[in-house]
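Just so we're aligned: 198 in numbering that gives the first Met the number 0 is position 199 of the sequence shown, and the numbers increase by one with no gaps anywhere.
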Amino acid sequence: MNPQAKLIFTSSLILGTTITISSNHWITAWAGLEINTLAILPLIAKSHHPRAIEAATKYFLTQATASALLLFSAMMNAWYTGQWDITQLTHPTACLILTSALAMKLGLAPFHFWFPEVLQGSPLTTALLLSTLMKFPPMTLLFMTSPSLNPTLLTYMAILSTALGGWMGLNQTQIRKILAFSSISHLGWMAIIVSYHPKLTLLNFYLYSLITATVFLTLNTIKTSKLSTLMTTWTKTPALSTMLLLTLLSLAGLPPFTGFLPKWLIIQELTKQSMAPAATMISLLSLLSLFFYLRLAYCATITLPPHTTNHIKQWHISKPTPSAIAILTTTSTMLLPISPLILTTV
Numbered sequence: 000m001n002p003q004a005k006l007i008f009t010s011s012l013i014l015g016t017t018i019t020i021s022s023n024h025w026i027t028a029w030a031g032l033e034i035n036t037l038a039i040l041p042l043i044a045k046s047h048h049p050r051a052i053e054a055a056t057k058y059f060l061t062q063a064t065a066s067a068l069l070l071f072s073a074m075m076n077a078w079y080t081g082q083w084d085i086t087q088l089t090h091p092t093a094c095l096i097l098t099s100a101l102a103m104k105l106g107l108a109p110f111h112f113w114f115p116e117v118l119q120g121s122p123l124t125t126a127l128l129l130s131t132l133m134k135f136p137p138m139t140l141l142f143m144t145s146p147s148l149n150p151t152l153l154t155y156m157a158i159l160s161t162a163l164g165g166w167m168g169l170n171q172t173q174i175r176k177i178l179a180f181s182s183i184s185h186l187g188w189m190a191i192i193v194s195y196h197p198k199l200t201l202l203n204f205y206l207y208s209l210i211t212a213t214v215f216l217t218l219n220t221i222k223t224s225k226l227s228t229l230m231t232t233w234t235k236t237p238a239l240s241t242m243l244l245l246t247l248l249s250l251a252g253l254p255p256f257t258g259f260l261p262k263w264l265i266i267q268e269l270t271k272q273s274m275a276p277a278a279t280m281i282s283l284l285s286l287l288s289l290f291f292y293l294r295l296a297y298c299a300t301i302t303l304p305p306h307t308t309n310h311i312k313q314w315h316i317s318k319p320t321p322s323a324i325a326i327l328t329t330t331s332t333m334l335l336p337i338s339p340l341i342l343t344t345v
């Protein structure tokens with residue numbers, strides 16, 4: 000892609016995100032979301048492969064539907080209450096439609112159907128943007144409207160997301176699809192707590208984005224998108240593959256890694272809210288996704304070629320690991336000891 004075009008699309012993404020997260024009016028928030036959608040489409044379709052074009056089309060249709068629903072809920076609320084302020088969403092039907100619109104924007108079950116297909120058709124760097132930056136504006140709107148939304152509905156959607164994200168990721172061989180179902184599962188953890196402790200949702204989102212960025216950038220460095228090729232990459236960058244193992248365990252939410260912190264805090268808060276059964280259910284369902292993280296970790300570090308696959312043994316890369324990946328890997332595995340400091344910001 001032309002560097003000037005890439006610069007325009009990237010700056011448009013930043014602009015759209017900034018407009019949405021800093022707006023109080025529904026129309027400006029909607030305009031920011033539209034700028035974001037239009038800016039990411041060329042980045043999804045830049046390879047001109049039929050699968051990339053299909054992914055861009057699916058993304059456009061679902062995001063356009065979600066934006067229309069969001070605008071419809073805002074207009075309905077304004078019609079009945081005279082308020083265009085995001086935090087003044089009070090009409091019950093408008094709240095219900097907004098929940099559906101934001102779930103479709105984020106890829107929360109039962110509106111998750113588009114996300115794995117779009118991620119599979121996108122390059123790894125664009126898939127990273129779709130998993131992290133593109134979810135920030137709708138997550139901000141969810142945070143701002145959380146007092147108005149129905150907590151029971153969000154709890155059911157959250158448990159369904161964690162269940163589907165775990166089950167559907169079990170038999171996947173494409174790494175981008177596995178990470179898409181991982182994202183759906185993590186969204187369940189964010190949605191279940193948003194009505195009770197919205198700041199925990201944002202903390203979970205920030206840490207999830209940090210760890211996912213590390214995984215995607217590592218995979219982009221070793222040029223891997225399938226489990227079969229991941230099995231042979233340990234010869235290219237042994238140190239990076241070892242750190243990928245730790246990052247995946249952190250993404251699974253195992254102690255003593257960073258990813259355990261949000262899960263621990265969410266379970267604690269749910270128990271305080273007398274929601275121990277929901278906390279137990281979502282914890283047990285996250286074991287499903289633990290299986291495919293362990294599978295990824297096993298393929299990344301423990302399997303020895305050429306016994307398990309027909310791929311040729313790959314050459315060792317002599318270039319040093321990029322400093323950004325080194326910093327991200329360190330933070331995505333070692334932040335748990337400073338959790339008291341992180342908790343002062345929540």
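Using N, Cα and C, we set each Cβ at its ideal position, and we do this for glycine too. A quick note: this is a predicted structure, and the numbers were derived from the prediction, not measured.
Asked                                                                                                                                                        : Found
Report buried or exposed for Val193, applying the criterion of at least 16 other Cβ atoms within 10 angstroms of its Cβ.                                     : buried
How long is the line joining the alpha carbons of Ala93 and Ser208, rounded to whole angstroms?                                                              : 29 Å
Helix, strand or coil for Lys262 per DSSP?                                                                                                                   : helix
For Leu159, which option in Asn219, His111, Leu148 has the closest C-alpha, if you only look at C-alpha atoms?                                               : His111
Quick one: give me the first and last residue of the alpha helix (DSSP H) that His185 is part of.                                                            : 174-192
Exposed or buried, which one is Leu243 when buried takes at least 16 other CB atoms within 10 Å?                                                             : buried
Mind checking whether Leu199 and Leu264 have CB atoms under 9 Å apart?                                                                                       : yes
Suppose the cutoff is 7 Å on Cβ atoms and the five residues either side in sequence are ignored; what does the same chain contact list for Pro115 look like? : Lys176, Ala179, Phe180
What does the Cβ neighbour count give for Trp78, buried or exposed, with the cut at 16 atoms within 10 Å?                                                    : exposed
With C-beta atoms as the reference, is Ile183 less than 9 Å away from Gly106?                                                                                : yes
Please tell me whether Pro136 and Leu32 are closer than 9 Å, where the distance is taken between their beta carbons.                                         : yes
What number of angstroms, rounded off, separates the C-alpha of Phe8 from the C-alpha of Thr279?                                                             : 43 Å
Identify the residues that DSSP records as bridge partners of Lys271: which are they?                                                                        : Paired residues: none, contrary to the question.
Where does the unbroken alpha helix (DSSP H) through Met74 begin, and where does it stop?                                                                    : 49-80
Could you check what DSSP says for Lys225 in three-state terms: helix, strand or coil?                                                                       : strand
Between the stretch 207-223 and the stretch 239-254, do at least 3 Cβ pairs fall closer than 8 Å?                                                            : yes
State the start and end residues of the unbroken alpha helix (DSSP H) segment that holds Pro41.                                                              : 25-43
Roughly how many angstroms lie between the CA atoms of Val345 and Ser285, to the nearest whole one?                                                          : 24 Å
Just to confirm, are Thr257 and Leu335 a CB contact at a threshold of 9 Å?                                                                                   : yes
Quick check: the Cα distance between Pro355 and Ala162, rounded to an integer number of angstroms?                                                           : The structure shown does not extend to residue 355, since the chain is modelled only from 0 to 345, so the question has no answer here.
Just to confirm the assignment, what range does the alpha helix (DSSP H) spanning Ser208 have?                                                               : 197-220
Taking three-plus beta-carbon pairs below 8 Å as touching, is the stretch 12-29 in contact with the stretch 50-60?                                           : no
Roughly how many whole angstroms lie between the Cα atoms of Ser338 and Pro255?                                                                              : 11 Å
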